[in-house]
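S.K.:
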Amino acid sequence: MPREFASRLGTVESELKALWLQAQAGDETAYRDVLGRIARLLRAYLRRRMAGCLDDVEDLVQECLLALHLQRGSYDSTQPLSAWVYAISRHKLIDFWRRNRRYGALNDPIDDVDELLLAGEANEATSHMDLARLLGELPDAQRRAIELTKLEGLSVAEAAARIGMSEGAIRVQVHRGLKRLSLLVKVVI
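Numbering-wise (full-length UniProt numbering), the sequence shown opens with residue 1 and increments by one.
See below:
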């Protein structure tokens, strides 16, 4: 299972990059498609980092998409698209925290954000391997529900439609899977 997950991450990256390059060449359909996919990934990424400010996630997603659009000429096609997208979104997130100091105690001080992000980048490859290994311990239904809703950023309805389950079943599988993952993490730590 862990290899399958790592392989899927590579597949998502290559699909996004191919669509982005088609969009850069003038394909409007590819551009809409890639922005939609990136928006879902950004929602998941920002939800995890903005737990105290979930009402602002969609606004920040739109800011990130606008920045991607305005900076699309700066993308180096020899590099992973996701690295470029997340670099821009990290900067937008930092700008958000600076603008919204009212959340102060709920979140890390802005001076620590850069250090936290840098530490996260250093451990990102290891984290992907750890996550893939932990997800591999879950039953398929729980693993798939978590991958779709938490990692790919799909809504419960979208995930249910994609794998042919009811929305309630997806919620149950996610809940049980996250509960099991928390137990697995405690055992590892």
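Yeah, the Cβ is synthetic: ideal placement off N, Cα and C, and Gly gets one too.
I need the boundaries of the alpha helix (DSSP H) containing Glu147, first residue and last residue.
M.R.: No alpha helix (DSSP H) contains Glu147, which DSSP labels as neither H nor E.
S.K.: Within 10 angstroms of its Cβ, does Glu58 collect 16 or more other Cβ (buried), or is it exposed?
M.R.: Label assigned to Glu58: exposed.
S.K.: By the three-class DSSP mapping on this structure, what secondary structure does Thr29 have?
M.R.: Thr29: helix per DSSP, three-state reduction.
S.K.: Buried or exposed: which applies to Arg43, given that a residue is buried once 16 or more other Cβ atoms fall within 10 Å of its Cβ?
M.R.: When all chains shown are included, Arg43 counts as buried.
S.K.: Where does Lys186 land, buried or exposed, given buried means 16+ other C-beta within 10 angstroms?
M.R.: By the neighbour-count rule (16 or more Cβ atoms within 10 Å), Lys186 is not buried but exposed.
S.K.: Quick one: residues in its chain with C-beta nearer than 8 Å to the C-beta of Ile146, no 5 flanking neighbours on either side, listed in chain order?
M.R.: Once the five neighbours on either side are set aside, the close Cβ partners of Ile146 are Leu135, Leu138, Gln173, Val174, Gly177, Leu178 and Leu181.
S.K.: Which of the three DSSP states is assigned to Asp55 in this structure?
M.R.: The answer is helix: DSSP assigns Asp55 an H, G or I state.
S.K.: Nearest to Leu19 by CA position, among Met50, Ala159 and Pro80, is which residue?
M.R.: Residue Pro80 is the option with its Cα nearest to Leu19.
S.K.: Taking the C-alpha atoms as reference points, what is the distance between Asp114 and His91?
M.R.: With a pLDDT of 47 at Asp114, under the threshold of 50, the modelled position of that residue is not reliable, and the figure given next carries that caveat. Using only the alpha carbons, I get a separation of about 10 Å.
S.K.: Just tell me which of Gly164, Ile88 and Arg171 has its CA closest to the CA of Gln142.
M.R.: Minimum Cα distance to Gln142 is reached at Arg171.
S.K.: Between which residues of its own chain and Ser14 is the CB-CB distance below 6 Å, once the five residues before and five after are set aside?
M.R.: Here the set comprises nothing.
S.K.: Let me know the secondary structure DSSP gives Ser77 once reduced to three states.
M.R.: Here Ser77 sits in coil by DSSP.
S.K.: Between which two residues does the alpha helix (DSSP H) holding Arg162 run?
M.R.: That run of the alpha helix (DSSP H) goes Val156 to Ile163.
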